[in-house]
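What follows is a short report on a single structure.
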Amino acid sequence: MGQNSSKTSCLFCNIITGDVDANIIFHNKDVIAFTDINPQAPVHALIIPQRHIESINELEDTDKEIVGKLFLAARDIAKQEGFSQPGYRVAMNCNAAAGQTVFHIHLHLLAGRELGWPPG
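Given below as structure tokens:
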């Protein structure tokens, strides 16, 4: 799927509609989170807006509320799953050169081991 993928061909949109199965760990009217099928840490969740936005570059000033809600969901999941202490990492990739493979903005929430720096 390329950068100009349509909402109907978007894997994450299909998870939202239930057309593709996922292990949902959090949801509300604006945000949904599920475990990554290719985890890079013992805990690896993807947190997405229910509204399709392809990349950070596509964000509008009016999207600041949904971006905030993604981070609040990360906080809530960390508390819910018991890893807010000792800590966790939240990251978002923008475009293919940075590692974005699904063009629907999403946070990666990683935890469950010590995470080195720099990443990748």
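All the letters of the sequence shown, read from the start, carry residue numbers 427 to 546 under my numbering.
Glycine is no exception: its CB is placed at the ideal position from the N, C-alpha and C atoms.
Can you name, in chain order, every residue of its own chain whose Cβ lies under 7 Å from the Cβ of residue i, other than the five neighbours on each side?
i: A471; result: I451, A459, F460, T461, D462, I503 and L535
i: C520; result: S481, I482, N483 and Q526
Does the Cβ-Cβ distance between residue i and residue j come in under 8 Å?
i: V457; j: A499; result: yes
Comparing C-alpha positions only, which one of the options sits nearest to residue i?
i: R539; options: A467, E491, F438 and N449; result: A467
i: K455; options: T443, E484, G542 and N449; result: T443
i: I531; options: E480, A522 and P512; result: E480
i: P475; options: K495, G513 and A537; result: K495
i: L492; options: N449, A522 and I473; result: With the sequence shown as reference, residue 492 is identified as Ile, and Leu is not the correct amino acid for it. Answer by Cα proximity: I473.
i: K505; options: A537, G542, L541 and D447; result: A537
Pull up the distance between the alpha-carbon of residue i and that of residue j, whole angstroms please.
i: F509; j: V516; result: 13 Å
i: N464; j: L533; result: 15 Å
i: P512; j: N440; result: 34 Å
i: T488; j: H478; result: 14 Å
i: R613; j: P545; result: Since the first and last residues shown for the chain are 427 and 546, residue 613 lies out of range.
i: F497; j: A523; result: 23 Å
Considering only DSSP beta bridges, list what residue i is partnered with.
i: R515; result: L536
i: T461; result: A471
In chain order, what residues of the same chain lie with their CB nearer than 8 Å to the CB of residue i, ignoring the 5 residues before and after it?
i: V528; result: M427, C436, L437 and F438
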